[in-house]
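What follows is one structure encoded as C-alpha cells, with my remarks underneath.
Numbering (the working numbering), first residue to last: 24 to 260.
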C-alpha cells in the first residue's frame, strides 16, 4: 500500500507546484493549487501514520468496537486528525475552483462566498476529527468507520456532484472545441475523484477492510488519475 500512497502523494505535490508556477496571481490556479496540495499532504501523512502506530508505546487509552478492544496510538491519532484537516481541502478547494470557472473571479472573491466555503470546510472536517479514531489491536492498525467517516465521505460526494454540475453547465455554454476540451478534462478529473470517494465508501460499508491490499491500490490509482486529468485541464492551451 505504501508505494501506491507514495506515488499518489508525490503526483499531487508535483502537480500542485506546476499549477501554481504557471500563474501565482491567478485565483483559479491558487484554488487548484491549495486543493491538490492539501490532498497530497493528506496522503503522505496517511502513508506514515499506520506503520508508525505499530511501534508506538504511548496511547490515549482503549475502546471496544464490535466486542474487540483496541488501543488509540497517540502520535498516529494526532497525525490522523492533521491529515483529515488537509483532506477536506481537496473537495472544498475543487468546488471553489468550479465556482471561479463558472461565475468568474469577482463573484468568487466576494466575502459572503469566501465565508460560505470556510463554513463548508469546517463543517466537513470538524465532525470527522471529533469522531475519527486510529485503532490498534496486536499487529493490526485501522481507522474506524463511524459517523465522522460517513459525514466526510457523503459530504465529499455531495461537493463533487455540485462541482460536476458547475462544470457540465459551463461545458454546454461554449461552442469552441478547445475550450470544451479543457473543461472536459476538469469534468473527467471531478468525475474520477467522485468515483474514488464512492469506491472507498462502498469498501467501508461492505466491510472489506481486510482486503485493503487489493482495494487500496485500486482506489489510490483512481485518485491519482483524477489529479492528472485536472493537470491536463489547467495546462491545456
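Glycine included, every Cβ here is placed at the ideal spot set by N, Cα and C.
Apart from the 5 residues on each side of it in sequence, residue 66 sits with its Cβ closer than 6 Å to the Cβ of 28, 31, 32 in its chain, given in chain order.
Counting only the Cα atoms, residue 103 lies some 12 Å from residue 172. Rounded to the nearest whole angstrom, the CA to CA distance from residue 127 to residue 201 is 19 Å. Going by beta carbons, residue 62 and residue 250 fall inside the 9 Å limit.
Its Cα nearest to that of residue 77, the residue 165 stands out among 175, 165, 49. When C-beta atoms of the region 137-146 are compared with those of the region 210-220, fewer than three pairs fall below 8 Å, so the two segments do not count as touching.
Here the C-alpha atom of residue 41 lies approximately 18 Å from the C-alpha atom of residue 246.
According to the DSSP assignment, residue 87 belongs to the beta strand (DSSP E) that extends over 82-88. Counting along the chain, residue 166 sits inside the beta strand (DSSP E) bounded by residues 163-166.
Partner residues in a beta bridge of residue 129, as assigned by DSSP, do not exist. Per the coordinates, the alpha-carbon of residue 254 lies some 42 Å from the alpha-carbon of residue 86.
Residue pairing by DSSP places residue 178 opposite no residue, since no beta bridge is assigned to it. In the displayed model, residue 159 falls within a strand according to three-state DSSP. When C-beta atoms of the region 83-98 are compared with those of the region 154-164, three or more pairs fall below 8 Å, so the two segments count as touching. Around the beta carbon of residue 177, a 10 Å sphere encloses fewer than 16 other beta carbons of the protein chains shown; the residue is thus reported as exposed. If you look at residue 91, you'll find it in the beta strand (DSSP E) that goes 91-96. Between residue 151 and residue 115, the C-beta gap is not smaller than 9 Å, which leaves the two residues out of contact. Shown here for residue 118: same chain residues with a beta carbon closer than 7 Å to its own, the five before and five after excluded, namely 182, 185, 186 in chain order. Judged by their CB atoms, residue 96 and residue 109 are not nearer to each other than the 9 Å cut-off.
The beta carbon of residue 242 sits closer than 8 Å to those of 219, 222, 223, 226, all from its chain and outside the five residues before and after it, given in chain order.
If you draw a straight line from the Cα of residue 121 to the Cα of residue 80, it is about 45 Å long. Residue 149 sits away from residue 54, with the two beta carbons spaced by 9 Å or more. Residue burial annotation: residue 69 is buried, with at least 16 other C-beta atoms found within 10 angstroms of its C-beta. Of all alpha-carbon atoms in 26, 214, 98, the one lying nearest the alpha-carbon of residue 188 is that of 214. Around the beta-carbon of residue 258, fewer than 16 other beta-carbon atoms lie within 10 Å, marking it exposed.
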